[in-house]
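Below: one structure, written as structure tokens.
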Amino acid sequence: MVSQAKNYLARVLKLASGVPIKWTLVPLLLVAILVWIAAITTPDTKLHVFFLDVGQGDAILIRTPSHHHILIDGGPSPEAITNELGERLPFWSRSIDLVVLTHPHDDHITGLVEVLRRYEVKQVLESGIECDSPAYSEWLKLIDEKGIKRTIARAGQRIELGAGIWLDILHPPADLLQGTDSDTDNNGVVLRLVYGEVSFLLTADIYHEGEQCLLRQGVELESAVLKVAHHGADTSSSLPFLNAVSPQLAIISVGEDNPYHLPDEEVCDRLEQSLGQDRVYLTSERGTIELISDGHKLWLKTER
Amino acid sequence: MTLIYLSLSWIIGVYVGSSIGLAWGIAVVALAGVLILVLLLRRRRALLLFGLCLILLSGGIARYQATIPTWDENALQFYNDREHPVQIEGLVAADPEPGDESTALRLEQIKIEIDGEWREVSGAALVYAPRFPPFGAERDFPYYRYGDLLRIEGYLETPPELEDFDWAQYLARQGIYSIMHYPDNVKLVASGQGAKPLEWLYGLRDDMSQALDRSLPEPQNSLAQAVLLGKRGGLPLELKEDFASIGTAHVIAVSGLHVSIVAGIFLSLGVYLFGRRRPTYLLFALAAVWLYALLTGFRPPVFRAAIMGSLWLVGDYIGRPRSALTALLLAAAIMVGIQPVLLWDPSFQLSFAAMAGLVFLTPKFQDLGAKALGGISEQTGWRASSARFAVDILSVTLGAILFTLPLIAFYFHRISIVALPANFFILPAVPGIIITAALVGVVGPVTLPVAQVLGWVAWLFTTYAIKVSELFSALPFASVDVKVGLPLVCTYYVLIAIALWLIAKRRQLRRWFPKRRII
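Heads up: the sequence lines are chains A and B, in that order.
Take the first sequence: its position 37, counting from 1, is numbered 1186 in our numbering, and each next residue is one higher.
Take the second sequence: its position 419, counting from 1, is numbered 410 in our numbering, and each next residue is one higher.
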């Protein structure tokens, strides 16, 4: 037995030594280059929040210090979201830890369906509001086919992201809002990302009714960064709500020359009055907006 | 030589057929026939050749005349631009091309509903169908399949002429005179109505495409799919413009370049595996070339290149490697015979010119390069082989650039200044992209994790090509705008022809003008 194994090993070694050096040179070189690129491009250990430039829609990517990736909505374009992810995720990674669908409208879900198809998504979180659209049925089908864990978001839940970072789910309430101007929008998933002294309020597409509901609950809303609700439409961002959040920075996720003429001028004026000039950033003007934090400070980087 | 004359006659016939009617054509050919009969009565062989040429010439004229589309109620385009939507039923006759907002389908064997009755009409339609159709729940991405019989309702439109691109002409070359945007009531009547081998092949293509989708990030994935499968739907516009502005657009449009790379790779592999003694290696390379052509969805440029490549491979085997010009013209004649309008297609003319450049100019540059290198080219070792490699790439690029330059200036009003260095750096990555992307596509459907690891290598080659294109296109002088008329283009080619003739007759010229007298 042992002699046989020895014999076999000797033969393998003989074969291996017969391989010319130039045959091993190219594969080894490729591996070396890949290892170097991986080492050089490894991200830092700060919190990164990207408000992705995906046209008229929402898509927010979070990278935690422990390199977990969370994607909140996917925008209207499969091409835009996959290109943005290709640029932000490390080249070897094909997985996303959590995908959040705030509400199933096309400008939030279309890109996410493509992400579910291409990436290995470990868990999804959504409001659970059904929608009679082909994109939403495709979303449910892919979750079922791939056996992805699906959680229904309700106010009061908290997702721990490690390193003292968490996501609080502030909305929708256990008893969903009914009879509002848009129940689908008003029951969207509202999240507050907290890291030390810095927090982000991500308000999906909720209207005044949703904002009032949040104010009534008396939950902590105050945040350094506000993702302005509903792409800056006049359906949202009432003054009492803005006062309660009292952000230092406001981000509006909109497409250039969109047919809805968003963001609304009045909303922009209101934001600039409460935050001050140069504190409102539009993805249509700045491209992808990146916010970086170590838990105390906040840095801002824009594409344009 | 005979084949060259015959192919040329056919091509000229098609060209002439576009400007004169069939009756006139026959009259002219008959007159020429009588004239030649009188002149060449004594020389049998020449008479036979010219006779055949004339027959092919008139055949070409007739062939063109037969393709002029009809415009009556039996043609689909008759129902274009109506006030009311129409209902049509048709077969998805090519691989669906999913885009960002909609999926492009080519419908054939179309029936149209008129006053409650279904009428069969001629012509194909290009339909931009919704990305998620109502029957999507039963299907996986891309939801539509080759061989589906669809019933749709919408407005048939005549393709518009775009600002700097004759889209209507481009579609006409594919037999499409009607388009439909976002039809309503998309119903799946039946499936599996197409040809079985094509169904299998498009299935394979789709498996490879999805494996790549899952293994590579964007835009590397789109580049790999454009190069390997001819799928250009996902390429970001900026990237396309970058490649075009530095004169490397041929890299992302599957073309003769890719076919010759595939032929080269599999020819060496075949020789290594089976030896040169039996024709097995040749059949192996031929099979690889045609499989690749099929995988790219049988796009016209690839089909063309596959014909040319096969003729070249066979010519090489039967010991006539110098008959490249014959192969080129014969392939052109066959292609034009299948689709006469191709003759006016810039892409056809460009790839023809590029191949002509490779045939006529590249060997001259290779000779020059060998002279410049001196003794090194004879040696073995990595230094000599990389020097030869560099000379080969430069010669190939220069040959193709010099022959395509006036056509590019004429059609696109823009020529690239950095084309030579850009191609020099990007071209070596193309075989790497083809090989690694093919590996990912083949391994992916079996075991995805292994494909994803292979995808890292494919990522390396594609990222390299993308970075180089970004680097060169960022240069302020990457490309310049030019305005060139037809006379200048013709003058350019005549000058090149004279130069080539002078080089060929160098020895005779030396005899006529001995050196000392010139000095």
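Every residue gets a Cβ at the ideal spot worked out from N, C-alpha and C, and that includes glycine.
Neighbourhood of A:LEU1370 by C-beta distance below 7 Å, restricted to the same chain and skipping five residues each side: Cβ within range, chain order: LEU1350, LEU1363, ALA1393, VAL1394.
Under 9 Å from the C-beta of B:ARG205: neighbouring residues of chain A: By Cβ distance, chain A contributes ARG1243, ARG1266, ARG1267, TYR1268, GLU1269.
Where the segment 434 to 452 of chain B meets chain A: residues whose CB sits under 7 Å from a CB there: So the close ones are GLN443, TRP447, VAL448, TRP450, LEU451.
Continuous alpha helix (DSSP H) stretch holding B:LYS458: start and end: B:LYS458: member of the alpha helix (DSSP H) spanning 439 to 464, first to last residue.
C-beta neighbour in chain A for B:GLY138, strict 9 Å: Not an interface residue.
Test item: CB-CB of A:LEU1196 and A:ASP1413 under 9 Å: No, the Cβ-Cβ distance between A:LEU1196 and A:ASP1413 is not below 9 Å.
Whole-angstrom C-beta distance between B:LEU96 and B:TYR135, which should lie under 8 Å: Between B:TYR135 and B:LEU96, the beta carbon gap of about 6 Å places them in contact (Cβ cut-off 8 Å).
The segment 13 to 27 of chain B touching the segment 335 to 343 of chain B, judged by at least three CB pairs closer than 8 Å: No, the segment 13 to 27 of chain B is not in contact with the segment 335 to 343 of chain B.
Close-in-space but distant-in-sequence residues of the same chain around A:LYS1298 (CB under 6 Å, 5 per side omitted): Short of 6 Å from the beta carbon of A:LYS1298, and not among the five residues preceding or following it, lie these beta carbons of its own chain, in chain order: GLN1272.
Cutoff 6 Å; reference A:ASP1317; Cβ partners in own chain excluding five residues on either side: Excluding its 5 nearest sequence neighbours in each direction, A:ASP1317 has C-beta neighbours in its own chain below 6 Å: ARG1307, ARG1341, listed in chain order.
Within 7 Å of chain A by C-beta, residues of the segment 128 to 162 of chain B in sequence order: Look at the segment 128 to 162 of chain B: the residues with a C-beta under 7 Å from a C-beta of chain A are ALA128, PHE132.
When A:ASN1232, A:GLU1309, A:ASP1418 are compared against A:LEU1388, the one with the closest alpha-carbon: Checked all of A:ASN1232, A:GLU1309, A:ASP1418; the closest Cα to A:LEU1388 is A:ASP1418.
Same chain only: Cβ atoms within 6 Å of B:LEU82, ignoring 5 sequence neighbours per side: Only GLU99, GLN100, LEU140, GLN184 meet the Cβ criterion.
Rounded straight-line distance, which links the Cα of B:ILE46 to that of B:TRP62: Approximately 30 Å between the Cα atoms of the pair.
Partners in chain B for A:GLY1235, counting only beta-carbon separations shorter than 9 Å: For A:GLY1235, the residues of chain B that pass the 9 Å Cβ criterion are LEU207, PRO208, GLU209, PRO210, GLN211, ASN212, in the order they occur in the chain.
Neighbour list for B:PHE294 in chain A, Cβ cutoff strictly below 7 Å: Neighbours of B:PHE294 on chain A: none; closest Cβ ~28 Å, over 7 Å.
Nearest-angstrom Cα separation, counted from B:LEU491 out to B:ARG508: In this prediction, B:ARG508 scores a pLDDT of 47, lower than 50, which makes its location untrustworthy; the coordinate-derived value is nonetheless stated afterwards. Between B:ARG508 and B:LEU491, the alpha-carbon positions lie close to 23 Å from each other.
Cβ-based contacts, 9 Å cut-off: residues of the segment 90 to 118 of chain B near chain A: From the segment 90 to 118 of chain B, only GLY90, ASP91, GLU92 have a Cβ closer than 9 Å to chain A.
Sub-9 Å separation of B:GLY238 and B:ALA413 beta-carbons: Yes, they are a contact pair.
Closest by C-alpha distance to B:LYS178, when choosing among B:LEU411, B:ILE79, B:LEU439: For B:LYS178, the closest alpha carbon among the candidates B:LEU411, B:ILE79, B:LEU439 is that of B:ILE79.
Reference B:ILE384, options B:PHE415, B:LEU393, B:THR395, closest by Cα: Nearest to B:ILE384 by C-alpha distance, out of B:PHE415, B:LEU393, B:THR395, is B:PHE415.
Coarse secondary structure for B:ARG97, derived from DSSP in three states: Note: B:ARG97 maps to strand in three-state DSSP.
Cβ-based neighbour list, A:TRP1315, same chain, cut-off 7 Å, excluding 5 preceding and 5 following: Cβ neighbours of A:TRP1315 beyond the five flanking positions: ARG1307, ILE1308, GLU1309, VAL1343.
According to DSSP, residues forming a beta bridge with B:TRP109: Looking at the DSSP assignment, B:TRP109 forms a beta bridge with B:GLU104.
Contiguous beta strand (DSSP E) assignments of at least 3 residues, all confined to the segment 1195 to 1275 of chain A: Correct list: 1196 to 1200, 1209 to 1212, 1218 to 1221, 1247 to 1250, 1272 to 1275.
Classification of B:LYS222 by the beta-carbon crowding that lies within 10 angstroms, buried from 16 upward: Buried, by the Cβ-count rule.
Beta carbon of B:PHE401 nearer than 9 Å to that of B:GLY476: In this structure, the beta-carbon distance from B:PHE401 to B:GLY476 falls below 9 Å.
N-terminal and C-terminal residue of the beta strand (DSSP E) that B:PHE289 is part of: Membership of B:PHE289 in any beta strand (DSSP E) is not indicated, and neither H nor E is assigned to it by DSSP.
Under 9 Å by beta carbon: chain A residues contacting B:PRO419: None at all; the shortest Cβ gap to chain A is about 12 Å.
For B:PHE234, the nearest candidate out of B:VAL112, B:ALA410, B:VAL471, B:GLN56 (CA to CA): Distance check between B:PHE234 and each of B:VAL112, B:ALA410, B:VAL471, B:GLN56 places B:ALA410 closest, using alpha-carbon atoms only.
Beta strand (DSSP E) runs wholly inside the segment 338 to 392 of chain B, at least 3 long, in chain order: Segments of the beta strand (DSSP E) lying fully in the segment 338 to 392 of chain B: there are none.
Per-residue contacts from B:PHE123 into chain A (C-beta, under 7 Å): Within 7 Å Cβ-Cβ: PRO1283, ALA1284, GLU1287.
Bridge partners - B:LEU141, DSSP secondary structure assignment: B:LEU141 pairs with B:GLY81, B:LEU179.
Residue-level contact to chain B via CB, A:GLU1415, 9 Å cutoff: So, not an interface residue.
Euclidean distance between Cα positions of A:HIS1257 and A:ASP1207: Rounded to the nearest angstrom, the two C-alpha atoms are 6 Å apart.
Cutoff 9 Å: B:GLY225 Cβ touching any chain A Cβ: For B:GLY225, a Cβ of chain A is located within less than 9 Å of the residue's own Cβ.
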